[in-house]
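Numbering (our numbering), first residue to last: 19 to 299.
Every residue gets a Cβ at the ideal spot worked out from N, C-alpha and C, and that includes glycine.
Because the structure is a prediction, the values reported are computed rather than measured.
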Ligand code: 13P
């Protein structure tokens with residue numbers, strides 16, 4: 019199936035009331051685990067790559083490999099730049115064949131956030147790529163930015179959507195990036211007001227730290243994309259540590275990484291089931 023934009027995956031998700039996982043991938047082991055699981059469960063999926071991950075695994079080869087793997091998959095796949103911070107990073111992503119970009123200008127004053135997001139929308143739409151922007155600020159650490167968080171003002175949503183022309187909206191209503199425990203408390207009343215202010219698909223960032231029943235309540239209120247990063251990193255690393263200590267003499271990287279890929283696949287499977295995207299491809 020073709021690589022698609024996030025809009026193509028997320029508009030039906032919001033309309034039909036299910037969520038799509040955007041899984042942060044740092045190398046091809048992650049991509050294999052996410053794609054194989056999405057294919058097995060007939061689920062649309064988003065492969066999210068931060069500028070930091072692209073720098074680590076390569077801005078050219080890594081996206082090219084993901085594109086090739088996605089094109090061979092039997093479900094719709096979006097290749098998404100997560101937390102792009104400048105037009106330069108967005109340009110790199112467009113050159114590399116990403117089908118969706120996020121511009122995170124949420125730490126800037128509102129007028130500057132609108133101007134930068136608008137600029138990225140013009141660049142990306144000219145290339146047939148959809149755009150996610152952020153209004154309010156999601157708390158916690160993401161890439162190099164640490165934020166205490168600013169909740170999204172629902173009354174500012176229509177103006178932001180209109181002025182920027184963006185396709186997908188990341189809003190702040192209580193989730194936090196890189197949480198150690200899955201115990202975030204969301205302001206669901208605020209989310210409802212945000213969802214009433216726009217038909218655009220909404221994004222829940224910091225998906226690792228939100229209890230599963232709460233994620234489902236957020237999906238019922240308009241969230242169509244759930245970002246999951248930290249939990250995958252923890253799963254991969256925890257399993258790798260266990261494998262290394264159980265097999266101290268083993269040196270074959272495939273045997274050492276294989277169990278981590280399997281554990282990632284399980285973590286992804288659990289979330290696709292919770293988000294309700296199984297059999298939606
Ligand atoms: P977590 O790492 O907390 O799951 O957040 C992921 C995210 O929101 C990426 O944009």
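query                                                                                                                                                                           : result
Grouping DSSP H, G and I as helix and E and B as strand, with all else coil, what is residue 165?                                                                               : strand
Can you tell me where the beta strand (DSSP E) holding residue 118 begins and where it ends?                                                                                    : 118-121
Count the other CB atoms, across all protein chains shown, that sit within 10 Å of the CB of residue 157; report buried if there are 16 or more and exposed otherwise.          : buried
So does residue 37 have its beta carbon nearer than 7 angstroms to some heavy atom of the ligand 13P?                                                                           : no
Output needed for residue 169: all residues of its chain with C-beta closer than 8 angstroms, excluding positions within five of it in sequence on either side, in chain order. : 154, 190, 191, 192, 205 and 208
By Cβ distance, which residues of its chain are closer than 7 angstroms to residue 229, with the 5 residues on each side in sequence left out?                                  : 200 and 201
Cβ of residue 140 within 8 angstroms of Cβ of residue 120?                                                                                                                      : no
Just how far apart, CA to CA, sit residue 50 and residue 92?                                                                                                                    : 14 angstroms
Compare the beta carbon distance of residue 147 and residue 23 with 8 angstroms and say whether it is the shorter of the two.                                                   : yes
Look at the Cβ atom of residue 216, then the Cβ atom of residue 187, and state whether they are nearer than 8 angstroms.                                                        : yes
Quick check: is any heavy atom of the ligand 13P less than 7 angstroms from the C-beta of residue 125?                                                                          : no
Output the residue ranges of the alpha helix (DSSP H) runs that lie fully inside the region 165-245 and measure 4 residues or longer, sorted by chain position.                 : 175-182, 206-215 and 230-238
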